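Residue numbering for the sequence shown follows the working numbering, beginning at 32 and increasing consecutively. Built from N, CA and C at the ideal position, the CB exists for glycine as well. This one's a predicted model, so the numbers in the text were calculated from it and none came from an experiment. Right, one structure below, let's go through it.
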Amino acid sequence: RLMVVAFVIGAVVMGSIAYVVWRFRESHPKNRGDITPARAGGAQH
């Protein structure tokens, strides 16, 4: 049971970190204020 709990906690932590990193990479520092990075990128390009 301890291994299962540790695995679940690790998966949640890794998922949250990956989500934060993905959001940070999606929104570039230039358009950091914009919530929709795709729309901002399309408008700029």
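Excluding the 5 residues flanking residue i on each side, which residues of the same chain have their C-beta closer than 6 Å to its C-beta?
i, result
"A49", "none"
"V36", "none"
Go ahead and pull the three-state DSSP assignment for residue i.
i, result
"R32", "coil"
"G41", "helix"
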